[in-house]
Amino acid sequence: MLHDLELIKRKYGEDMMHICRDNLGKILEVEGLLPTLLNKYFYAYHELGKEIIQQDKQEDFIVFMLSKANIKDTEVYLDMGKSAQQLFTEAGYILYPECKTEEDIQAFRHFYRRDDRKIPTYRQGFMPLLDDGEELCTFRGGRLETCRVWFAVKQNVHEIKREFFKQPERQDEYGTSVISIQFTKGKRVRLSIKNRYNHSVTMPDNTFNNNLERIAKGLTVAFEKDFGVRDNIKDCSGFNLELENFVLASDGKYYPYNYEINNVYYCPNNIIIDNFEVKRLPNHQMLVDYLIVDCKNKTIKLYDNKINENFTQCLENKIKSIYAEKNGKIRFVCTDNSEVIMGINKKGQLVALEANSMKECGDSFLRQNKYLVLLQMHSLKSCGQDFLRLNRGLENIDLFSLENCGDAFMCYSKDTRSISLPNLIECGNDFMRYNENLEELDLPKLKNCGSSFLFFNTSLKELRLPNLCRCGDFFIEYNSIIKEIFLPYLNQYGEHFLFNNLGLDLKEIFTNRFAVHHTYKEKNTKLGKLKSSKIQNLDNLTTKIK
Amino acid sequence: MIVCDIVKVLEYNNYEIKSGNKSYHVMFEFYNVKKPDVGDRILIHEKLLDINWSGYTQPYAFELDKVLLPKHVMLNDDREYIVLGTGGKNFVMKRVYG
């Protein structure tokens, strides 16, 4: 036992060793079993124990390991030795072949009631409009992109008339006379059996409780044997261990990952998991976030070219040499002798970037990056849209020279508490949207901003924009604690200006010319002071001003 | 109703959404709006996320009902609607079936 615990500690860390020692004594009784099981189901990751504790998944982990040590076969569904078609026939249905095209699906449309009582015709590329009757939304088109679709029709369907059923019930003869059986594609397969009444009954997508056995015993296994498809949602919720930021690869092991983009997982230690297949990069390459730094060929590229990413384009054909230093820094020396320095942590995440000679960048600059904490781009004058769009925690920012930025600038940087952009003149839509913890903002030269400026910023108490002239719709919508706003030159604003500032502590607005929108009056009832040299619609405000 | 962030958009209309420290895998179909992206928000009834609920059938399909939510808290306990926050706007989406 001691030897096993030592092995576990070396490979998976001390926390994991403690979890195993305290909870998996039964498995430890068998020499070598627990390390073998761990090795079989988990990539050798030293932080695994810590992650399990932080995510409060000890119990799930224990159940998972115990189940792997004592696997019991449970047979839930019967195999009747008949095909799905035979079983449906015996149940009084005709099971039609799987729908492979939109025409196949549309061929069943006439079974569903339409309020206009017409029978729609389908031509290639022309979809008749969905009526408000009982037509399934399957007939809107596109369902085959996400689901496998079958229809089963009662053999006596022409005798079952809609007008005979005045009070529809999901499981009555009409509702079950034509059913659409749909399995979702992908790893998590869900079965949905659609009712002929559609929304005229409750839970129409749950006909027969989405259990094929209720149509005929043996249908679940028959479908699996004939078509290779089976609802596995219960399997997924059973002993399948779910750990955040871990992926179960096709080799049966859980791997930690830093990013998942387009179903490709980018993991620590130079591992990429593509279509659940584990790929290890060669020694001359380094995986940083989702970028591949190639020291031999002096490039930095994307593994997946479908990702929108401008950072690699900024350095394309400009790298003279790459130095990987021991302190976690990678230094790029460019052909013009300027330098770009990346700071990497132990997990291979990009946490710092110095690119002080870069003057501009296009759309989607480090769009997907999540972990950057320090950014120095002192000379950057303009950036496109989605600049660090998904970054969560940028703390130290030097964008001294930035004059204009595109839409969705630092859209979700939830941990950024303060930012100064002393030269910013213009910004696009969704500027720092959802920056919930932003407390200080310095934009002394900002003149124009787009819509949804600082949308949902719930920590800003004061906002001074001494040069702002024009703003778009939804200006500072949902900022619940803002108390003071200084907008001396604002003369043009969009709809829902200061809308829903429900904290209702907004006491003072100073603006040169202020026209009150009717919704502003409803939502800002505690306004104490309004300083303005030109106010329109004063009547709306006089009762509110102290 | 709970507010969830979309943390992953996977293939075949699978989404991973998160509320607090709880994650959920859901399949959505959205009609008449642009497909949402990571970081967008959904206001949704908890029951729709309960895998053990008898009405749990996915994919959940929604079509656009209203573009703007006039009041922040408007929907009371309704499993037939969600609010999708994307592109700077809130879309009230009504559930459709079939």
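Chains as they are written, first to last, in numbering that gives the first Met the number 0: chain P, 0 to 545; chain H, 0 to 97. Just so you know, even glycine gets a beta-carbon here, dropped at the ideal spot from N, CA and C. Given the structure is predicted, the values throughout are model-derived calculations rather than measurements.
Q: Please compile the residues from chain H whose C-beta is within a distance smaller than 9 Å of the C-beta of Thr555(P).
A: Nothing can be reported for residue 555(P): it is not among the residues displayed for chain P, which extend from 0 to 545.
**Q.** Which residues DSSP lists as bridging Tyr254(P), in chain order
**A.** For the purposes of this step, residue 254(P) is taken as residue 255 along the first sequence, with counting starting at 1. Its beta-bridge partners are Val246(P).
(Q) Pop quiz: Lys7(H) and Val37(H) are said to be a contact at Cβ under 8 Å. What is the actual Cβ separation, rounded to whole angstroms? (A) Position 8 of the second sequence, counting from 1, holds the residue named residue 7(H). Position 38 of the second sequence, counting from 1, holds the residue named residue 37(H). Rounded, the Cβ-Cβ distance is 7 Å, consistent with contact.
**Q.** Ala90(P) to Ala83(P) span [Cα, whole Å]
**A.** For the purposes of this step, residue 90(P) is identified with residue 91 of the first sequence, where counting begins at 1. For the purposes of this step, residue 83(P) is identified with residue 84 of the first sequence, where counting begins at 1. Answer to the nearest angstrom: the Cα atoms are 11 Å apart.
Q.
Here's a check: name, in chain order, each residue in its chain whose Cβ is nearer than 6 Å to the Cβ of Gln284(P), leaving out the five neighbours to either side.
A. Counting from one through the first sequence, the residue named residue 284(P) turns up at place 285. So the qualifying residues of the chain are Ile291 and Asp293.
Q: Rounded to whole angstroms, what's the CA-CA distance from Ala514(P) to Phe430(P)? Just pull it up for me.
A: Start at 1 with the first residue of the first sequence, and residue 514(P) comes out as number 515. Start at 1 with the first residue of the first sequence, and residue 430(P) comes out as number 431. Interpretation of Ala514(P) is limited by its pLDDT of 42, a score under 50 that renders its predicted location unreliable; the figure taken from the coordinates is listed afterwards. The alpha-carbon atoms of Ala514(P) and Phe430(P) are separated by roughly 23 Å.
Q: Note the first and the last residue of the continuous alpha helix (DSSP H) segment covering Ile312(P).
A: The sequence position of residue 312(P) within the first sequence is 313, counting from 1. Checking the sequence shown, residue 312(P) turns out to be Gln, not Ile. Its alpha helix (DSSP H) spans residues Phe310 to Cys313.
Q) For the segment 172 to 204 of chain P, which residues have a CB atom closer than 7 Å to at least one CB atom of chain H, in sequence order? A) Thr183, Lys184, Gly185, Arg187, Arg189, Ser191, Lys193, Asn197, His198, Met202, Pro203 and Asp204
Q: Could you please tell me which residues of the segment 422 to 438 of chain P, in chain order, have their CB closer than 9 Å to any CB of chain H?
A: Asn428, Asp429, Arg432 and Tyr433
Q) If contact means a Cβ-Cβ distance below 8 Å, which residues of the segment 298 to 314 of chain P contact chain H? A) none
(Q) Does chain P have any CB closer than 8 Å to the CB of Val37(H)? (A) Looking up residue 37(H) in the second sequence gives position 38. So, interface residue.
Q. Using the beta-carbon count (16 or more within 10 Å), is Asp39(H) buried or exposed?
A. In the second sequence, counting from the first residue as 1, residue 39(H) sits at position 40. When all chains shown are included, Asp39(H) counts as buried.
Q: Rounded to whole angstroms, what's the CA-CA distance from Leu503(P) to Phe496(P)? Just pull it up for me.
A: Here residue 503(P) refers to the residue found at position 504 of the first sequence. Here residue 496(P) refers to the residue found at position 497 of the first sequence. Low local confidence applies: a pLDDT of 38 at Leu503(P) is under 50, so the model's placement there is unreliable, with the coordinate-based value given in what follows. About 14 Å.
Q. With DSSP run on the structure shown, which of helix, strand or coil describes Glu461(P)?
A. Stepping through the first sequence from its first residue, residue 461(P) is reached at position 462. Of the three classes helix, strand and coil, the one that applies to Glu461(P) here is strand, per DSSP.
Q.
Between the alpha carbons of Asp288(P) and Ile5(H), how many angstroms are there, rounded?
A. Sequence index remark: in the first sequence, residue 288(P) carries index 289 (1-based). Sequence index remark: in the second sequence, residue 5(H) carries index 6 (1-based). Going from the Cα of Asp288(P) to the Cα of Ile5(H) covers about 20 Å.
Q. Can Thr175(P) and Cys146(P) be called in contact, C-beta distance under 8 Å?
A. As a first step, residue 175(P) must be located in the first sequence, where it is residue number 176. As a first step, residue 146(P) must be located in the first sequence, where it is residue number 147. No, they are not a contact pair.
(Q) Relative to the C-alpha of Phe331(P), which candidate in Lys325(P), Lys317(P), Ile343(P) and Asn344(P) has its C-alpha closest? (A) For the purposes of this step, residue 331(P) is taken as residue 332 along the first sequence, with counting starting at 1. The candidate whose alpha carbon is nearest that of Phe331(P) is Lys317(P).
Q: Go ahead and pull the three-state DSSP assignment for Leu503(P).
A: Reading the first sequence from its first residue, position 504 is the one you call residue 503(P). Here Leu503(P) scores only 38 on pLDDT, less than 50, and its place in the model should not be relied on; the value that follows carries that caveat. Note: Leu503(P) maps to coil in three-state DSSP.
Q. Taking C-alpha atoms, which residue in Lys67(P), Ile418(P) and Ile178(P) lies nearest to Phe41(P)?
A. Stepping through the first sequence from its first residue, residue 41(P) is reached at position 42. Per the Cα distances, Lys67(P).
**Q.** Listed by chain order, chain P residues near Gly19(H) by CB distance under 7 Å
**A.** For the purposes of this step, residue 19(H) is taken as residue 20 along the second sequence, with counting starting at 1. What Gly19(H) touches in chain P: nothing, since even the nearest Cβ is about 12 Å away.
Q: Indicate whether at least one CB of chain P lies closer than 8 Å to the CB of Tyr80(H).
A: Here residue 80(H) corresponds to residue number 81 of the second sequence, with the count starting at 1. So no, Tyr80(H) is outside the interface.
Q) Grouping DSSP H, G and I as helix and E and B as strand, with all else coil, what is Cys235(P)? A) In the first sequence, the residue the question calls residue 235(P) occupies position 236. With a pLDDT of only 42 at Cys235(P), under the threshold of 50, the placement of this residue in the model should not be trusted, and no figure is reported.
Q.
Let me confirm a value: Glu133(P) is counted as buried when at least 16 other C-beta atoms fall within 10 Å, else exposed. Which label applies?
A. The residue given as residue 133(P) occupies position 134 in the first sequence. Burial call: buried.
Q: Output, in chain order, the set of chain P residues within a Cβ distance shorter than 8 Å of Lys7(H).
A: The residue given as residue 7(H) occupies position 8 in the second sequence. Here the neighbours are Glu259.
Q. Which residue comes first and which comes last in the alpha helix (DSSP H) that contains Ser66(P)?
A. As a first step, residue 66(P) is located in the first sequence; it is residue number 67 there, counting from the start. That run of the alpha helix (DSSP H) goes Gln57 to Ala68.
(Q) Quick check on the DSSP output: what are the complete alpha helix (DSSP H) runs of length 4 or more inside the segment 260 to 317 of chain P, in order along the chain? (A) 310 to 313
Q. Under a CB-based cut-off of 8 Å, is Tyr96(H) close to chain P?
A. Mapped onto the second sequence, residue 96(H) falls at position 97. Closer than 8 Å to some Cβ of chain P, the Cβ of Tyr96(H) qualifies, so yes.
Q | Cβ-Cβ separation, Leu401(P) to Leu420(P) (assumed contact under 8 Å), whole Å | A | As a working mapping, residue 420(P) is identified with position 421 in the first sequence. As a working mapping, residue 401(P) is identified with position 402 in the first sequence. With a Cβ gap of about 5 Å, Leu420(P) and Leu401(P) count as contacting.
Q: Check Cys483(P) in the structure and name its three-state DSSP category.
A: Your numbering for residue 483(P) matches position 484 in the first sequence. Note on identity: in this sequence residue 483(P) is Glu, with Cys being the wrong assignment. Glu483(P): strand per DSSP, three-state reduction.
**Q.** For Glu168(P), the nearest candidate out of Glu438(P), Lys186(P), Val200(P) and Arg187(P) (CA to CA)
**A.** Translated into the one-based positions of the first sequence, residue 168(P) becomes position 169. Answer by Cα proximity: Val200(P).
Q: Specify whether the segment 216 to 233 of chain P and the segment 13 to 25 of chain P touch according to this definition: at least 3 beta carbon pairs, one from each stretch, less than 8 Å apart.
A: no
Q | Cβ separation of Tyr264(P) and Tyr254(P), assumed to be a contact under 8 Å, to the nearest whole Å | A | Locating residue 264(P) in the first sequence gives position 265, where the first residue counts as 1. Locating residue 254(P) in the first sequence gives position 255, where the first residue counts as 1. Their Cβ separation, rounded to whole angstroms, is 7 Å, which keeps Tyr264(P) and Tyr254(P) in contact under 8 Å.
**Q.** Range covered by the alpha helix (DSSP H) that runs through Val37(H)
**A.** What you label residue 37(H) is simply residue 38 of the second sequence in a count that begins at 1. Taken as a continuous stretch (DSSP letters only), Val37(H) belongs to no alpha helix (DSSP H), as it is neither H nor E.
Q | Cut-off 7 Å between Cβ atoms - residues of its own chain near Leu47(P), not counting five sequence neighbours on either side | A | Looking up residue 47(P) in the first sequence gives position 48. Excluding positions up to five away in sequence, the list reads Tyr11, Gly12, Met15 and Phe41.
Q: Could you say which of Leu437(P), Cys426(P) and Asn456(P) lies nearest to Lys444(P) if we only look at CA atoms?
A: Position 445 of the first sequence, counted from the start, is the residue given in the question as residue 444(P). Of Leu437(P), Cys426(P) and Asn456(P), the residue nearest in Cα terms is Cys426(P).
Q | Minimum Cβ-Cβ distance from Tyr256(P) to chain H less than 8 Å | A | Residue 256(P) sits at position 257 when you count from the first residue of the first sequence. Answer no: the Cβ-Cβ gap between Tyr256(P) and chain H never drops below 8 Å.
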